[in-house]
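What follows is a single structure, written as structure tokens, with notes after it.
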């Protein structure tokens with residue numbers, strides 16, 4: 034048996050039943066990594082020796098029953114913009130290439146409490162700015178389903194690592210689709226929770242009003258359990274929300290009878306690949322056969338989501354990334370005569386082209402004379418988009434559509450043209466503007482065998498219904 | 036292209052963004068920013084009169100707490116990441132003549 038193919042929960046159970054030791058699980062993952070990493074490059078940093086030490090400590094706690102969590106002893110991969118104490122955290126950027134955080138992100142601390150073992154830090158687009166993981170300063174990640182293609186992004190390394198069995202599950206972050214789009218391209222399952230559900234403490238900020246950490250795993254059950262583990266109210270994150278319920282696994286129910294599912298016409302129009310479209314519609318029909326009620330409707334404003342998003346996200350990025358100045362951490366130019374020159378040179382040498390592009394755009398839309406016309410206009414558009422979703426969720430429990438307009442593209446196809454790259458996020462981006470929870474689940478393959486992901490959205494704080502719909506859909510398919 | 040970005044604008048944005056661009060990068064940035072602004076101008080099709088700008092999706096308020104130190108003295112750990120430090124402080128190049 035190749036244990037790396039188990040889901041996180043299957044492995045956790047075998048560990049608790051003493052069929053597999055934690056050390057065996059870690060070694061199996063590490064073997065998989067050493068066999069495949071040269072070609073795939075899912076990770077930026079491997080935590081090889083520390084993981085084995087951690088394994089023995091966790092094993093003791095499982096043996097003496099102080100650790101009983103379903104995730105105890107299960108190896109995890111963490112996106113490299115989530116701070117891990119004493120372990121390099123680079124955001125795939127030259128400017129943080131030597132940054133060793135003195136603290137861990139709250140979401141990772143929550144996983145540590147459950148007995149997670151850190152295998153390593155995964156590759157991503159630089160500062161999560163990109164849709165293909167090609168903007169990483171440390172080289173591209175290849176899609177395990179077809180190495181000529183991108184894994185998607187920005188959480189491309191995390192999704193590829195799960196797809197290639199180089200970890201049992203992973204954490205990613207989603208600002209405009211960065212969990213759901215690569216999940217679709219790699220054929221794995223990923224959830225972007227309601228804004229404020231998972232603490233952003235220790236997540237290196239990109240677009241603070243949009244960023245959320247979420248789980249990436251092999252099935253919906255794993256995702257629900259991981260989300261339950263990482264979600265918490267955290268006073269250290271001033272936008273953390275004290276939710277009424279964190280019981281996400283209660284949604285693992287195979288029943289969609291009477292569930293009202295809206296299919297937005299706007300998500301099935303021009304630009305959507307015909308094979309993807311057929312697969313998504315077939316997924317909807319499958320749910321209908323299980324008793325769900327389907328209805329097509331016009332969501333509206335879809336064409337405005339991307340311009341509003343890039344204005345807001347770039348504005349926030351220009352402010353958030355001002356902290357990288359070569360003084361307190363990260364890269365400093367070795368050739369500067371005075372302080373101001375040092376700031377400019379360190380930043381210019383440390384940031385890659387896509388990051389600079391967004392910082393410049395963000396600085397421009399926030400500058401005096403343009404603030405109202407661009408930034409405030411985008412915030413007003415955001416209010417309208419939120420309203421459109423509110424109206425839709427008055428009628429529907431779930432909105433269903435594609436996670437991405439195509440299957441995984443080849444290297445260079447998207448990254449060469451910024452606007453073309455931005456358009457690959459058209460179905461995911463408005464979710465972040467409205468704060469909604471969303472999931473991408475594999476629903477089929479195109480003629481070349483590339484995975485297709487169906488995206489489901491629910492109203493804010495209704496992950497339970499989202500998970501129920503996704504789980505019910507998953508139950509209709511054979512696993513892999 | 037409707038939005039023509041001038042050299043002056045790019046230089047000004049470079050100052051705001053604290054970025055020093057090569058001539059080649061400047062030309063590329065002028066083109067990219069022009070294209071993006073053309074694209075963003077699509078928002079002008081929308082009538083947003085009377086719509087309040089929404090910075091957060093949930094009603095958030097300031098989170099005040101008592102001014103009590105809850106984390107430990109991490110000075111040494113923090114300085115470990117500094118490119119240069121001296122006597123417990125960050126060291127930077129000359130700031131005034």
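Protein chains in written order, with my numbering: chain V, 34 to 513; chain Z, 36 to 132. We put the CB at the ideal spot given by N, CA and C, even for glycine. This structure is a prediction, so every number in the text was calculated from the model and none was measured.
Query: Check the Cβ of residue 136/Z against every Cβ in chain V and list those closer than 8 angstroms, keeping chain order.; Result: Any question about residue 136/Z goes unanswered here, given that chain Z covers just 36 to 132.
Query: If you reduce the DSSP assignment to three classes, tell me which class residue 486/V lands in.; Result: strand
Query: State whether the segment 129–136 of chain V contacts the segment 48–63 of chain V, with contact taken as three or more CB pairs (one from each stretch) at a distance under 8 angstroms.; Result: no
Query: Note down, in chain order, every chain Z residue with its Cβ under 7 angstroms from the Cβ of residue 362/V.; Result: 116 and 117
Query: Tell me, please, whether the CB atom of residue 135/V is closer than 7 angstroms to any CB atom in chain Z?; Result: yes
Query: Whose CA, out of 243/V, 107/V and 226/V, lies closest to the CA of residue 497/V?; Result: 226/V
Query: Between which residues of its own chain and residue 117/Z is the CB-CB distance below 7 angstroms, once the five residues before and five after are set aside?; Result: 125
Query: Name the DSSP bridge partner or partners of residue 248/V?; Result: 204/V
Query: Taking residue 210/V as the reference, give the member of 494/V, 436/V, 453/V and 484/V with the closest Cα.; Result: 436/V
Query: Just the Cα atoms here: how many angstroms apart are residue 162/V and residue 91/V?; Result: 35 angstroms
Query: Can you find the residues in the same chain that come closer than 7 angstroms, C-beta to C-beta, to residue 279/V, ignoring five residues on each side of it along the sequence?; Result: 261 and 264
Query: Could you please tell me which residues of the segment 148–173 of chain V, in chain order, have their CB closer than 9 angstroms to any CB of chain Z?; Result: none
Query: When we look at the beta-carbon of residue 17/V and count the other beta-carbons within 10 Å, is it buried (16 or more) or exposed?; Result: Outside the modelled stretch of chain V, which goes from 34 to 513, sits residue 17/V, for which no answer is possible.
Query: Under 8 angstroms: do the segment 76–95 of chain Z and the segment 415–430 of chain V share three or more Cβ pairs, one atom per stretch?; Result: yes
Query: Does residue 228/V get closer than 7 angstroms to chain Z when you measure Cβ to Cβ?; Result: yes
Query: Look at the alpha carbon of residue 513/V and the alpha carbon of residue 485/V, and state the distance between them as a whole number of angstroms.; Result: Confidence in residue 513/V is poor, its pLDDT being 41 and thus under 50, which makes the residue's placement unreliable; the coordinate value appears in the next sentence. Approximately 13 angstroms between the Cα atoms of the pair.
Query: Using a Cβ distance threshold of 8 angstroms, determine whether the segment 135–145 of chain V contacts the segment 176–196 of chain V, with at least three qualifying pairs required.; Result: no
Query: Is residue 39/V helix, strand or coil by DSSP?; Result: coil
Query: Considering only their Cβ atoms, is the gap separating residue 102/V from residue 116/V smaller than 7 angstroms?; Result: no
Query: If we call anything under 7 angstroms between Cβ atoms a contact, is residue 351/V one with residue 392/V?; Result: yes
Query: Less than 6 angstroms between C-beta atoms, sequence neighbours within five positions excluded: which residues of the same chain meet that for residue 321/V?; Result: 327
Query: Let me know the secondary structure DSSP gives residue 529/V once reduced to three states.; Result: With chain V represented from 34 up to 513, any question about residue 529/V goes unanswered, as that position is not in the structure.
Query: Closer than 8 angstroms by beta-carbon distance: list the chain V residues that pair up with residue 37/Z, in chain order.; Result: None at all; the shortest Cβ gap to chain V is about 13 angstroms.
Query: Skipping 5 residues on each side, what residues in its chain have a beta carbon closer than 7 angstroms to that of residue 64/Z?; Result: 45 and 56
Query: Reducing DSSP to helix, strand and coil, say where residue 126/Z ends up.; Result: coil
Query: By how many angstroms is the C-alpha of residue 203/V removed from the C-alpha of residue 213/V?; Result: 13 angstroms
Query: Flag this pair as touching only if the segment 293–309 of chain V and the segment 224–241 of chain V have three or more C-beta atom pairs under 8 angstroms; answer yes or no.; Result: no
Query: Could you tell me the alpha carbon to alpha carbon distance between residue 333/V and residue 386/V, rounded to whole angstroms?; Result: 33 angstroms
Query: Of the choices 87/V, 363/V, 366/V and 479/V, whose alpha-carbon is the least far from that of residue 309/V?; Result: 479/V
Query: Would residue 455/V and residue 339/V be called neighbours here (beta carbons separated by less than 7 angstroms)?; Result: yes
Query: At 4 residues or longer, what runs of the alpha helix (DSSP H) sit wholly inside the segment 406–475 of chain V?; Result: 410–428, 451–456 and 462–467
Query: Tell me the residue span of the alpha helix (DSSP H) that contains residue 342/V.; Result: 335–353
Query: Find out if the Cβ-Cβ distance for the pair residue 164/V, residue 457/V is shorter than 7 angstroms.; Result: yes
Query: Taking 7 angstroms as the threshold (beta carbon to beta carbon), is residue 272/V in contact with chain Z?; Result: yes
Query: Could you say which of 450/V, 452/V, 441/V and 505/V lies nearest to residue 481/V if we only look at CA atoms?; Result: 441/V
Query: Give the straight-line distance between the Cα atoms of residue 102/Z and residue 91/Z, rounded to the nearest whole angstrom.; Result: 26 angstroms
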